[in-house]
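J.: Respectively, the protein sequence lines represent chains A and B.
As numbered in full-length UniProt numbering, residues 1 to 158 make up the first sequence, in order.
As numbered in full-length UniProt numbering, residues 1 to 700 make up the second sequence, in order.
Ideal placement from N, C-alpha and C gives every residue a C-beta, glycine not left out.
Predicted model only: the values in this text are computed from it and were never measured.
Sharing a structure, written as structure tokens. Questions coming.
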Amino acid sequence: YVCDAVLCYHAAPAPVFFDFKEAFGLFDRIGDSQVAYNQVADIMRALGQNPTNKDVTKILGNPSADDMANKRLNFDAFLPMLKEVDALPKGTYDDYVEGLRVFDKEGNGTVMGAELRIVLSTLGEKMSEPEIDALMAGQEDENGSVHYEAFVKHIMSV
Amino acid sequence: MHVLIFHLLSSLAAIKAAILIQRWYRQYVARTEMRRRYTWHIFQSIEYSGEQAQIKLSVCLCSLWVLIHVKVIFPISKTYAEWERYFCYKNIEVPDIYSGPHLTFPLSVEQAVGLVQAFRDKKQLHSRYVLQLLLETWKLLRMLPNINRISTCHSKEITICGDLHGQLEDLLLIFYKNGMPSLDKSYVFNGDFVDRGKDSIEILLILFAFLLVYPSDVHMNRGNHEDHIVNLRYGFTKEVLTKYKMHGKRILKLLQKIFSWLPLATVIDQKVLVLHGGISDSTDLSLLARLDRHNYVSALRPPKRRNTSSAGISIDSDIDEDWSNHKVFQRRASFTFPKPLGTRSSFQNRSLQDFSDRIKVNVEEELETCRRRSYTFNAGINRVEKEMAPCPSTDSVNSDNAKEEWKQVLDLLWSDPMTQDGCVPNEVRGGGCYWGPDITDDFLNRHNLQLIIRSHECKQDGYEFCHNRKVLTLFSASNYYDVGSNRGAYVKLGPDLVPYVVQYQASSMTRELTVRQSVGRTERSALKVLREQLFAHKSDLISAFKTFDSENTGLVSLTDWASVVESVMHLGLPWRMLRFQLVTCKTSDGMIDYNEWFNELNIEQGLLETLYRHRSTVETIFRIVDTDNSGFITIEDFRQTWKLLSIYLKMEFTDEAISDLAVTIDVNQDGNIDIDEFMEAFRLTDKKSQKGTVLKNLKC
Numbered sequence: 001y002v003c004d005a006v007l008c009y010h011a012a013p014a015p016v017f018f019d020f021k022e023a024f025g026l027f028d029r030i031g032d033s034q035v036a037y038n039q040v041a042d043i044m045r046a047l048g049q050n051p052t053n054k055d056v057t058k059i060l061g062n063p064s065a066d067d068m069a070n071k072r073l074n075f076d077a078f079l080p081m082l083k084e085v086d087a088l089p090k091g092t093y094d095d096y097v098e099g100l101r102v103f104d105k106e107g108n109g110t111v112m113g114a115e116l117r118i119v120l121s122t123l124g125e126k127m128s129e130p131e132i133d134a135l136m137a138g139q140e141d142e143n144g145s146v147h148y149e150a151f152v153k154h155i156m157s158v
Numbered sequence: 001m002h003v004l005i006f007h008l009l010s011s012l013a014a015i016k017a018a019i020l021i022q023r024w025y026r027q028y029v030a031r032t033e034m035r036r037r038y039t040w041h042i043f044q045s046i047e048y049s050g051e052q053a054q055i056k057l058s059v060c061l062c063s064l065w066v067l068i069h070v071k072v073i074f075p076i077s078k079t080y081a082e083w084e085r086y087f088c089y090k091n092i093e094v095p096d097i098y099s100g101p102h103l104t105f106p107l108s109v110e111q112a113v114g115l116v117q118a119f120r121d122k123k124q125l126h127s128r129y130v131l132q133l134l135l136e137t138w139k140l141l142r143m144l145p146n147i148n149r150i151s152t153c154h155s156k157e158i159t160i161c162g163d164l165h166g167q168l169e170d171l172l173l174i175f176y177k178n179g180m181p182s183l184d185k186s187y188v189f190n191g192d193f194v195d196r197g198k199d200s201i202e203i204l205l206i207l208f209a210f211l212l213v214y215p216s217d218v219h220m221n222r223g224n225h226e227d228h229i230v231n232l233r234y235g236f237t238k239e240v241l242t243k244y245k246m247h248g249k250r251i252l253k254l255l256q257k258i259f260s261w262l263p264l265a266t267v268i269d270q271k272v273l274v275l276h277g278g279i280s281d282s283t284d285l286s287l288l289a290r291l292d293r294h295n296y297v298s299a300l301r302p303p304k305r306r307n308t309s310s311a312g313i314s315i316d317s318d319i320d321e322d323w324s325n326h327k328v329f330q331r332r333a334s335f336t337f338p339k340p341l342g343t344r345s346s347f348q349n350r351s352l353q354d355f356s357d358r359i360k361v362n363v364e365e366e367l368e369t370c371r372r373r374s375y376t377f378n379a380g381i382n383r384v385e386k387e388m389a390p391c392p393s394t395d396s397v398n399s400d401n402a403k404e405e406w407k408q409v410l411d412l413l414w415s416d417p418m419t420q421d422g423c424v425p426n427e428v429r430g431g432g433c434y435w436g437p438d439i440t441d442d443f444l445n446r447h448n449l450q451l452i453i454r455s456h457e458c459k460q461d462g463y464e465f466c467h468n469r470k471v472l473t474l475f476s477a478s479n480y481y482d483v484g485s486n487r488g489a490y491v492k493l494g495p496d497l498v499p500y501v502v503q504y505q506a507s508s509m510t511r512e513l514t515v516r517q518s519v520g521r522t523e524r525s526a527l528k529v530l531r532e533q534l535f536a537h538k539s540d541l542i543s544a545f546k547t548f549d550s551e552n553t554g555l556v557s558l559t560d561w562a563s564v565v566e567s568v569m570h571l572g573l574p575w576r577m578l579r580f581q582l583v584t585c586k587t588s589d590g591m592i593d594y595n596e597w598f599n600e601l602n603i604e605q606g607l608l609e610t611l612y613r614h615r616s617t618v619e620t621i622f623r624i625v626d627t628d629n630s631g632f633i634t635i636e637d638f639r640q641t642w643k644l645l646s647i648y649l650k651m652e653f654t655d656e657a658i659s660d661l662a663v664t665i666d667v668n669q670d671g672n673i674d675i676d677e678f679m680e681a682f683r684l685t686d687k688k689s690q691k692g693t694v695l696k697n698l699k700c
């Protein structure tokens, strides 16, 4: 079996400094012990957070597009930002199920895959078609419906 | 009105739901990417440390070789005509049942295309035609310069391919997408055609065939794997001997020569340099253009001494000879062996035994010194140079010059770019150096070039630019570490010299796996390999753990565990992140029970199982000892080899254990051990231990 190391961070009582430092190091492509602003959101996600891009931009101090591409951050500056994101509400099983129930027109525990695709590509922080394909892979039944409680169990088990 | 409010509320709910799912999805992608990164890191660091081990081993054995051979035996030389007689294919008959392609020379393009088709249909080329094709290739390569200079005017577009590593599927995919070589379609193949993949010889035969048909349009650069010593470890030697049981030895010998005659680099339009590894701060193209490249049969051994006969006929001399074919055995009086060394027949199966008593002390000392010293190849070069100096020769090479040239070749074949400025020895691989962007700028300016295209490193996307887009790494073996690990790429250059990259991925299996499944699969593979490596270093690790456990509790903290493991393994991996996959025994208060950990890493701790972990090294040593590539070594050689191995691996083997092992392995009791049978016994042991049973009959 493969234990997902990152999931275990949720079980740990407090962020473990050195563990996060290692993960941070994995994303440093230049070797200056820093990461680019535009990598910060992904590193936080790799460490078990799930902020929106807007959340991260705000925590970074609303940098310009140029800053996002060129400015770099070291680990000591990153850690408090990570803590701030950690304080944001994460989303429980019930939140996800309730969220999807919005699209359950017939109240029968399923949502139309096609409708979900449209929503994900047009609302919120839009997803691209390949991203949606990857997400929905194997989730639709022969009628094109998604059984969303099973779906949520699936995404939470990853 | 309330309908509007209802719509508004449900839109808000919809947006909230969408954002929730999007957040979750992006987190999933980031975590998968991170797993992919450290999995990659594991494979790559193990690959490079394997190369480093290989180099250390071969430098060790090179010194040993020098002790045995050069001081005792005068090298035998043949003229090119004599070599061609040795490699003669004419008396090899092709049986009627042979269903593969028949080649006639000079080769036509239809035959080259037919060869590709035949290999796609899983046919094997008959050894007669293999030798004939290789001989023609050798003749052609001898006429080429060290640095090929080509132009886009000649054929409008040039396609450059990186490492192929015996993966025929990738070459076929490239030909399918891009077309086969022709007058309008120039190709440059940038080295590492062989090793690791299972169709190395087929790839070589295809490339050589097209080289013969279109000598102005097909160009090949030598890679660090075009080297018979590296091939001993990484599978090419074994592949040839398995596929060509009768003539494999001769084929390998001829390939040794061909590899040494492969050009070192290609320059396109005087602006783009294509070479396999890279450069160093001392790389000098004019020096590289001048040297005698065929003296470097292996980049890991010092250059051959070149002799010319009195008639001025150039002679191709070798130090490690195939003795069984000599008419006259010449022997020089040596200081270490005043007794006659015996007749030619006693050297058919040359044995270490004859020299063992005399040199045993020297060898053990040598190996111990090898072991103790911190190794870079520069140290190795110095050592071997010292050993070489007192040996007699008719034409002594200026040793400083030779050393400088050797370094140039080594750097060209083994170096890697780094992000920081400067130039440092490449300790990870054990050969060549790491060079920085400032070195690139300086080099390009000095030689009036604008781009370096190199290979040598696997990249996830098949290619990667660095040094401000002045260096392009190109890798053409997709799924190199495992199914789904990476794409391959090739590059097209037109007269504008702007690189146009094309990516691909062989194997339909990859498309069927989702990203998550493919990452998971590769990750499990990487972890398995990593666990084996950890277990192989058990004694070093336990001693190191004990230094952190002064009260002998058997426990260490997580931080200490991570630093110990890194200090022993030198892999630069994120150990803390990996601990959940590597340590499954329960820890109390974050402390790790290291003895328990080793129990969990493996069940059996017998000699055979321990040795299995080092099987690559073991097999390499065996193949080196089997100097005539017969596939057999004598029992005595076997014993001597284990003694050397035990020093090298710092393991305690009793003489009794070794004798028992030898007797057990020599199934037909004729005093010879079949290498393949021995390695097969290892493989079976591994399979059985995976199923949890103990291998009783091979208990040591």
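1) Taking a Cβ distance cut-off of 9 Å, strictly less, list which residues of the stretch 99-120 of chain A are near chain B, in chain order.
2) Hey, does residue 22 of chain B have any beta-carbon neighbour from chain A nearer than 7 Å?
3) What does the Cβ neighbour count give for residue 186 of chain B, buried or exposed, with the cut at 16 atoms within 10 Å?
4) For residue 105 of chain B, count the other beta carbons within 10 Å of its own beta carbon; 16 or more makes it buried, fewer makes it exposed. Which is it?
5) If you run the structure through DSSP and keep just helix, strand and coil, what is residue 15 of chain B?
6) Are residue 506 of chain B and residue 33 of chain B close, meaning C-beta to C-beta below 7 Å?
7) Using DSSP with H/G/I as helix, E/B as strand and the rest coil, what is residue 373 of chain B?
8) Between the stretch 70-102 of chain A and chain B, which residues of the former have CB atoms less than 7 Å from a CB of the latter, in chain order?
9) Excluding the 5 residues preceding and the 5 following residue 423 of chain B in the sequence, name in chain order all residues of the same chain whose CB lies nearer than 6 Å to its CB.
10) Which same chain residues end up closer than 6 Å to residue 84 of chain A when comparing Cβ atoms and leaving out the 5 residues on each side of it in sequence?
11) Please report the residue range of the alpha helix (DSSP H) in which residue 238 of chain B lies.
12) I'd like to know whether the C-beta of residue 577 of chain B is nearer than 7 Å to at least one C-beta of chain A.
13) Using a Cβ-Cβ distance under 7 Å, would residue 38 of chain A count as near chain B?
14) Can you confirm whether residue 111 of chain B, when its beta carbon is compared against all beta carbons of chain A, has any partner nearer than 7 Å?
15) Should residue 475 of chain B and residue 492 of chain B be called a contact, given that it needs their Cβ atoms to be closer than 7 Å?
16) On the DSSP bridge list, what partners appear for residue 488 of chain B?
17) Just checking: is the beta-carbon of residue 42 of chain A within a distance shorter than 7 Å of some beta-carbon in chain B?
18) Hey, does residue 59 of chain A have any beta-carbon neighbour from chain B nearer than 7 Å?
19) So the beta strand (DSSP E) residue 34 of chain A belongs to, where does it begin and stop?
20) Tell me which same chain residues have a C-beta within less than 8 Å of the C-beta of residue 136 of chain A, skipping the five on either side of it?
21) Using Cβ-Cβ distances below 7 Å, what residues of the stretch 38-51 of chain B are close to chain A?
22) Would residue 144 of chain A count as contacting chain B if we go by Cβ distances under 7 Å?
23) Closer than 8 Å by beta-carbon distance: list the chain B residues that pair up with residue 129 of chain A, in chain order.
24) May I ask you to report which of helix, strand or coil DSSP gives residue 187 of chain B?
25) State the DSSP-derived secondary structure class of residue 102 of chain A, mapped to helix, strand or coil.
26) May I have the straight-line CA-CA distance separating residue 355 of chain B from residue 49 of chain B, to the nearest angstrom?
27) Which term fits residue 94 of chain B, buried or exposed, when burial requires 16 or more other beta carbons within 10 angstroms of its beta carbon?
28) What residues in the stretch 523-537 of chain B bring their beta carbon closer than 9 Å to a beta carbon of chain A?
29) Could you tell me the distance, in whole angstroms, from the CA atom of residue 296 of chain B to the CA atom of residue 198 of chain B?
30) Have a look at B:655, B:486 and B:626 and flag the residue whose alpha-carbon is nearest the alpha-carbon of residue 163 of chain B.
31) Which chain A residues sit within Cβ distance under 8 Å of residue 33 of chain B?
32) Closest Cβ-Cβ distance between residue 429 of chain B and chain A: below 7 Å?
33) Leaving out five residues on either side along the sequence, give the residues of the same chain with a beta carbon under 7 Å from the beta carbon of residue 73 of chain A.
34) Which runs of the alpha helix (DSSP H) fall wholly inside the stretch 259-307 of chain B and span at least 4 residues, in chain order?
35) Taking 7 Å as the threshold (C-beta atoms), are residue 125 of chain B and residue 252 of chain B in contact?
36) Using 7 Å as the threshold, is the C-beta distance between residue 271 of chain B and residue 12 of chain B below it?
T.: According to the structure data:
1) For the stretch 99-120 of chain A, the set of residues with a beta-carbon nearer than 9 Å to any beta-carbon of chain B comprises 99, 100, 101, 102, 103, 116, 119 and 120, in chain order.
2) Interface residue, yes.
3) With at least 16 other beta carbons inside 10 angstroms of its own, residue 186 of chain B counts as buried.
4) An exposed status is given to residue 105 of chain B, since fewer than 16 other beta-carbon atoms sit within 10 Å of its beta-carbon.
5) Residue 15 of chain B falls in the helix class under three-state DSSP.
6) Result no, Cβ atoms of residue 506 of chain B and residue 33 of chain B do not sit closer than 7 Å.
7) With a pLDDT of only 41 at residue 373 of chain B, under the threshold of 50, the placement of this residue in the model should not be trusted, and no figure is reported.
8) Taking 7 Å as the Cβ-Cβ cut-off, the stretch 70-102 of chain A approaches chain B at 91, 95, 96, 99, 100 and 102, given in chain order.
9) Result list for residue 423 of chain B: 280, 281, 433, 435 and 439, in chain order.
10) 59.
11) Note, residue 238 of chain B: alpha helix (DSSP H), 236-243.
12) Yes, residue 577 of chain B lies at the interface with chain A (some Cβ there is under 7 Å from its Cβ).
13) Not one chain B Cβ lies under 7 Å of residue 38 of chain A.
14) Residue 111 of chain B is outside the set of residues whose beta carbon lies under 7 Å from a beta carbon in chain A.
15) Result no, Cβ atoms of residue 475 of chain B and residue 492 of chain B do not sit closer than 7 Å.
16) Its beta-bridge partners are B:504.
17) Judged by the 7 Å Cβ criterion, residue 42 of chain A is in contact with chain B.
18) Residue 59 of chain A does not count as touching chain B.
19) Residue 34 of chain A -> beta strand (DSSP E) spans 34-36.
20) Closer than 8 Å at the Cβ level, and outside the excluded window around residue 136 of chain A, lie 113, 116, 117 and 146.
21) Taking 7 Å as the cut-off between beta carbons, the residues of the stretch 38-51 of chain B near chain A are 38, in sequence order.
22) So no, residue 144 of chain A is outside the interface.
23) Those do not exist, as residue 129 of chain A stays about 13 Å from chain B at its closest Cβ, beyond 8 Å.
24) Look at residue 187 of chain B here: in three-state DSSP terms it is strand.
25) In this structure, residue 102 of chain A counts as coil in the three-state DSSP scheme.
26) Low local confidence applies: a pLDDT of 35 at residue 355 of chain B is under 50, so the model's placement there is unreliable, and no value is given.
27) Exposed.
28) Cβ contacts with chain A: 523, 524 and 527.
29) Roughly 26 Å between the two C-alpha positions.
30) Considering only alpha carbons, the answer is B:486.
31) Going along chain A in sequence order, the residues near residue 33 of chain B (Cβ under 8 Å) are 42 and 46.
32) Using beta-carbon distances, residue 429 of chain B does not count as an interface residue toward chain A, since no partner is under 7 Å.
33) Scanning its chain for C-beta atoms nearer than 7 Å, with the 5 sequence neighbours on each side dropped, one finds around residue 73 of chain A the residues 34, 35, 37 and 40, in chain order.
34) Segments of the alpha helix (DSSP H) lying fully in the stretch 259-307 of chain B: 285-290.
35) One thing to note: residue 252 of chain B has its Cβ no nearer than 7 Å to the Cβ of residue 125 of chain B.
36) No. Outside cutoff.
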